[in-house]
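Undergrad:
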Amino acid sequence: MKYDAIVVGAGPSGSASAYFLAEEGLSVLVLERENLPRPKLCAGALPPAVEELLGFGIKDAVEDEVREVTWIWRADRTTWRYVEPVLYTVMRDKFDLLLVERAKAAGAEVVDGEEVVSLEEGREEVSVRTRAKVYRCKFLVGADGAGSVVAKYVGSSNPERTVRTAEAEISVPYEFLKACEGRATVEFRAVPKGYGWIFPKADHLSVGVGGLRLRRAREHLKAFAGRRLPTPAYREVGTWAYPVWGARRRWARGRVLLVGDAGAFANPLTGAGIYTGIWSGLLASRAISKAISGGSLEEMYTEMILGEISPELSAARNLSIIYAIPGPAFVALKLGLLRGSFLKRSYSDIWRYISLGITSLRPSNIPSPPSPAPRTPRTI
């Protein structure tokens, strides 16, 4: 059988791609190398806007709803409180399975425990080889993560734009855990040119640190957790590197395109990749649906990325100047300059709002930030 589309990888971006494609009435196969459901260490923080993007609710997979965010720099801190949730936290095994089941319900076929090892593109189809057999499709979606086999075929990457992180699932005393319900903590410069975070889950905390080209990430994580948590008991610890926006100059080649971490769609300000990965999956489905009727998949998908996702993530990259000048950035946070916009509006809006404030606050020897990106109505 030749499928309209094959999706390599059943993470959020892959499962979302399959769901959107199947909803369009296309025949879709998802190939996942792991057996599902599978645990994955992850901060697992999502904006509520993800439900609007997906078109369905995710409450069955939500561990906690964050309505309070505390920002820390050195010995100072400020806290913002909201009536409505500004973040949902999830465990990836439950969240990913929810998306897989929605894709299957829409008509997608899912084969787990089958790793893709190579691909070959012809004039009319793409052949995808696993360790077990060969599958054929009209179009291929690479959603196989930071070490993507499909991305190697597409080519054109910039390894300098790589975030290194260490994350852990940590048990803490019950009283402290209860005090953390609905509350997230973010610390500037918890690591060099990066930050640390604490997100609440149902019965534990997700804690991590991350930064561009961060060294000794695990040591930094242990130091951060030791400062912020009473008697932390580590359930699971992991370190890895993944590309962020700017690490890839090409997202499609012929009949093949990339979504999620395979396409380096992670936010360069926060390191978060689930929302933008799902967003890229939505655009991938639109491009493939159009390409089925004719036209260049590569051109259509690239145009969509540059028109929708690029303005947001480019603005987020501009905002990452806060890691170079955390003092002025923290002053802006403490004064509440962004309270009504942060987590509620698009990064391009936030960048327009904050750029003049940072310019007036920063020392004169710090170079001016780049020009603001074009406005987009999207929210991440």
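Residue 391 is where the sequence shown ends in this note's numbering, and the numbering goes up by one at each step.
Every residue, glycine too, gets a C-beta built ideally from N, C-alpha and C.
Is it true that the CB of Val19 sits closer than 8 Å to the CB of Ala154?
TA: In this structure, Val19 lies closer than 8 Å to Ala154 by Cβ.
Undergrad: Rounded to whole angstroms, what is the Cα-Cα separation between Ser304 and Gly282?
TA: One C-alpha to the other measures close to 36 Å.
Undergrad: Which residues in the same chain as Arg246 place their Cβ atom closer than 8 Å to its Cβ, once the five residues preceding and following it in sequence are excluded?
TA: Within the same chain, Arg246 has close Cβ partners Ala179, Glu180, Ile181, Ser182, His215.
Undergrad: Assuming Ala54 contacts Ser291 (C-beta within less than 8 Å), just tell me the rounded distance between them.
TA: That belief does not hold up - the Cβ atoms of Ala54 and Ser291 are roughly 19 Å apart, past 8 Å.
Undergrad: Taking Val97 and Val77 to be in contact with their CB atoms under 8 Å, please state how far apart those CB atoms are, rounded to whole angstroms.
TA: Indeed, because the Cβ distance is near 6 Å, the residues count as touching under 8 Å.
Undergrad: Looking at Arg266 and Leu223, is the spacing between their C-beta atoms short of 8 Å?
TA: No.
Undergrad: Give the straight-line distance between the Cα atoms of Thr176 and Ala277, rounded to the nearest whole angstrom.
TA: Near 13 Å, if we compare the C-alpha coordinates of Ala277 and Thr176.
Undergrad: So what does DSSP say about Val19, is it helix, strand or coil?
TA: Three-state result, Val19: strand.
Undergrad: In the DSSP assignment, what are the bridge partners of Ser331?
TA: Ser331 is not bridged to any residue.
Undergrad: Can you give me the Cβ contacts of Asn169 inside the same chain, cut-off strictly under 6 Å, excluding the 5 residues immediately before and after it?
TA: The answer, listed in chain order, is Ala258.
Undergrad: Out of Thr250, Ala195, Arg260, point me to the one whose CA is closest to Arg88's CA.
TA: Checking every option, the nearest Cα to that of Arg88 belongs to Ala195.
Undergrad: Is Ala116 buried or exposed, if buried means 16 or more other CB atoms sit within 10 Å of its CB?
TA: Exposed: under 16 other Cβ atoms inside 10 Å.
Undergrad: DSSP three-state label for Ser24, please.
TA: Reduced to three states, the DSSP call for Ser24 is helix.
Undergrad: Note the first and the last residue of the continuous alpha helix (DSSP H) segment covering Ser307.
TA: From DSSP, Ser307 is part of no alpha helix (DSSP H); its letter is neither H nor E.
Undergrad: Could you have a look at Tyr253 and say whether DSSP puts it in helix, strand or coil?
TA: DSSP places Tyr253 in strand when its eight states are reduced to three.
Undergrad: Enumerate in chain order the residues of its own chain whose CB-to-CB distance from Tyr30 is below 6 Å, with the five nearest sequence positions on each side excluded.
TA: Taken in chain order, the residues that qualify are Arg113, Ala114, Ala117.
Undergrad: Once DSSP output is grouped into helix, strand and coil, what is the label at Trp262?
TA: Trp262: coil per DSSP, three-state reduction.
Undergrad: Starting from the C-beta of Ser296, find all residues in its chain whose C-beta is less than 7 Å away, skip the five residues before and the five after it, and write them out in chain order.
TA: Once the five neighbours on either side are set aside, the close Cβ partners of Ser296 are Ser28, Phe31, Leu32, Glu35.
Undergrad: Measure how close the beta-carbons of Ile17 and Leu40 come, nearest whole angstrom, since I'm counting them as under 8 Å.
TA: Contact flag correct, Cβ pair sits at about 5 Å.
Undergrad: Kindly indicate the opening and closing residues of the beta strand (DSSP E) around Lys149.
TA: Where Lys149 is concerned, the enclosing beta strand (DSSP E) stretches over 145-153.
Undergrad: Tell me whether Thr242 sits in a helix, a strand or coil according to DSSP, three-state version.
TA: The answer is coil: DSSP assigns Thr242 none of H, G, I, E or B.
Undergrad: For the beta strand (DSSP E) that Glu112 lies in, which residues bound it at each end?
TA: Taken as a continuous stretch (DSSP letters only), Glu112 belongs to no beta strand (DSSP E), being part of the alpha helix (DSSP H) at 103-117.
Undergrad: Would DSSP call Val270 helix, strand or coil?
TA: Here Val270 sits in coil by DSSP.
Undergrad: Which residue comes first and which comes last in the beta strand (DSSP E) that contains Ala177?
TA: 173-182 is the span of the beta strand (DSSP E), which, as asked, contains Ala177.
Undergrad: So Tyr146 and Val152 are in contact, right, with Cβ under 8 Å, and what is the actual spacing, rounded?
TA: At roughly 13 Å, the Cβ-Cβ gap does not stay under 8 Å, so Tyr146 and Val152 are not in contact.
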